[in-house]
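Residue numbers (the working numbering), protein chains in the order written: chain A, 2 to 153; chain B, 2 to 153. Notes follow the structure.
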DNA sequence: CTCCCTGCAAAATTTTTGCATCAAT
DNA sequence: ATTGATGCAAAAATTTTGCAGGGAG
């Protein structure tokens, strides 16, 4: 995720027709900082609170909801039973690790292209497709290390 | 989803090393009946309760959890922030409708095969892949009708 | 008979809501 | 100045837990 300064965050909020309040700015910055972790509201709040002692948990909930509705961030599917968010609206593919319960983004342009052309050859009746995503499930061997994918 | 009688449900529970209690049987039957709806615990409970007035909501929660841990049913990813379950452990592909908030199963053997062979040509470092799933997002045009997919 | 499952109710967790006040445009 | 966002606290919704009694193997 790219690094954004205050001014850029402001502009991005405005681009999504959102009032650029201080709380919204810091919530969005927290999401950027927690990039790759797909945090729930509570986790965003915990990160924010020390530097912004006056912010309230309710506001974080409301803000994340507004962000998701506006399309500024994505709600991420999870099996954990709580709402989780991602500032990266481009990467849609996720790896679920059943060991560590992590949700890990991955991008694979070749795979996207393969699916793109596959779905172009299908016709959906009564459905307007907006996008697709792939999820891999499995286990990290070494929980402390990263997962990498290479061609054979 | 295939129709199962009591005896077959019993056998299936036992096959997953689960004691075949009356509550487990009716919870599993409810999941079969709600096939395609990916219900949360509460919805399973509502369906069950009239015919089984003595069953408790807590038991439904525990039972669904036990089912998911044993592999008898799947937890289904959702963006709704509650745990949802599916008795169909074969179909992994889902369509999310942002209009109706439905999660709709779909199977597409050709697509599975395509992905299967794709992933066989990749190597995952530090990850043991167990399976993959595709999710389509979009909108049902007519909420009252089914979605169908055909080749062009 | 034994062990695990169940019902119940309380507690914990997560999320939403109402309202007076405050701040961004 | 206006409008909508915030903080706070209460309420609602969801999920977990502890324990005494009950039922399956």
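Every residue gets a Cβ at the ideal spot worked out from N, C-alpha and C, and that includes glycine.
Membership of residue 134/A in the beta strand (DSSP E) is indicated by the continuous run 128-141. In the three-state scheme derived from DSSP, where H, G and I count as helix and E and B as strand, residue 29/B is classed as helix. At a cut-off of 3 residues, the continuous stretches assigned as beta strand (DSSP E) that sit fully inside the segment 71-116 of chain A are 75-77, 85-87, 94-98, 104-107. For residue 41/B, the beta-bridge partners assigned by DSSP are 85/B. Residue-level contact by beta carbon fails for residue 55/B and chain A, as no gap is shorter than 9 Å.
Annotation: the continuous alpha helix (DSSP H) that includes residue 8/A extends over 7-16.
Across the structure, residue 53/B and residue 100/A are spaced so that their CA atoms are roughly 36 Å apart. Within the segment 23-45 of chain B, contact with chain A at the beta-carbon level (separation under 7 Å) is assigned to no residue.
At least one C-beta of chain B is nearer than 9 Å to the C-beta of residue 77/A. Between the segment 121-140 of chain B and the segment 132-144 of chain A, the count of C-beta pairs closer than 8 Å reaches three or more; the two stretches touch. In terms of CA proximity to residue 106/B, 87/B leads the group 87/B, 121/B, 119/B, 114/B. DSSP places residue 23/B within a helical segment (H, G or I) once states are collapsed to three. For the C-beta of residue 84/A, the chain B residues within less than 9 Å are, from N- to C-terminus, 80, 81, 82. Contact annotation: residue 78/A and residue 17/A have beta-carbon atoms that are not nearer than 9 Å. Contact of residue 68/A with chain B is not assigned, every C-beta pair being separated by 9 Å or more. Collapsing the DSSP output to three states places residue 147/A in coil. Here residue 110/B is exposed, its C-beta having fewer than 16 other C-beta atoms within 10 Å. Using beta-carbon distances, residue 152/A counts as an interface residue toward chain B, with a partner under 9 Å. When the beta-carbon positions are compared, residue 112/B and residue 119/A come within less than 9 Å of each other. With fewer than 16 other Cβ atoms from the protein chains shown falling within 10 Å of its own Cβ, residue 152/B counts as exposed. Considering only beta carbons, the part of the segment 106-133 of chain B lying closer than 7 Å to chain A consists of 112, 115, 119, 122, 123, 124, 125, 126, 127, 128, 129, 130, 131, 132, 133, in chain order. With a threshold of 9 Å between beta carbons, residue 140/B makes contact with chain A. Residue pairing by DSSP puts residue 124/B in a beta bridge opposite 151/A. Using a CB distance cut-off of 9 Å, residue 97/A counts as an interface residue toward chain B. When secondary structure is reduced to three states using DSSP, residue 65/B falls in the helix class. Sixteen is the threshold: when 16 or more other Cβ atoms of the shown chains lie within 10 Å of the Cβ of residue 61/A, as they do, the residue is buried.
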